[in-house]
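**Q** Sharing a structure with you now.
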Amino acid sequence: GVQRDFMTALQAKNIEKFYAGLWTTGGLILLLSPIIAIHRYSAGALKMHWRAFLTQRLAQSYLSGSDGCQSAFYRLMLTSDIDNPDQRICQDVADFVETMYSITQDLISTTMSVMGF
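Below you can see the structure in the form of structure tokens.
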């Protein structure tokens, strides 16, 4: 591809092909930079939305009792020595979302690599 042609032109001291490869490389960088930026932004937005959703859902479940029972919050405050369970929920959700995103990204990347091979 582009890198092979560029390096061949460099070794052969072919100035026209060298500059053509340089322009092609620069064009690819200009083309791919916004795509990579959009990908990173959308991935960050997705993770933030997912974290907010899960944190709200788990905190609501933690604070409210179900079927007339006492809430987990109330029971923990009376009987447990656990410090800051709400902060633990938030941290666990953040770790879970990051891990799931990483696994999903690896699966997609591996699948694309196998399909491209």
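Taking the numbering used here, the leading residue of the sequence shown gets 42, the next gets one more, and so forth.
Positions of the beta carbon are idealized from the N, C-alpha and C atoms, including for glycine.
Reducing DSSP to helix, strand and coil, say where Ile144 ends up.
**A** Locating residue 144 in the sequence shown gives position 103, where the first residue counts as 1. The answer is helix: DSSP assigns Ile144 an H, G or I state.
**Q** Counting beta carbon pairs with one atom in the segment 123-140 and one in the segment 89-99, are three or more of them shorter than 8 Å?
**A** Touching, yes, given that three or more Cβ pairs across the two stretches are closer than 8 Å.
**Q** Going along the chain, which residues of its own chain have a beta-carbon closer than 8 Å to the beta-carbon of Thr96, five neighbours each way excluded?
**A** Position 55 of the sequence shown, counted from the first residue, corresponds to residue 96. Ile130, Cys131 and Val134.
**Q** How many Å lie between Lys58 and Gly42 at the Cα?
**A** By 1-based counting over the sequence shown, the position of residue 58 is 17. By 1-based counting over the sequence shown, the position of residue 42 is 1. Spanning the two alpha carbons is a distance of roughly 13 Å.
**Q** For my contact list, Ala78 and Gly62 are in at a C-beta cut-off of 8 Å; report their separation, rounded to the angstrom.
**A** By one-based count along the sequence shown, residue 78 stands at place 37. By one-based count along the sequence shown, residue 62 stands at place 21. No, Ala78 and Gly62 are not in contact; Cβ-Cβ is about 25 Å, not under 8 Å.
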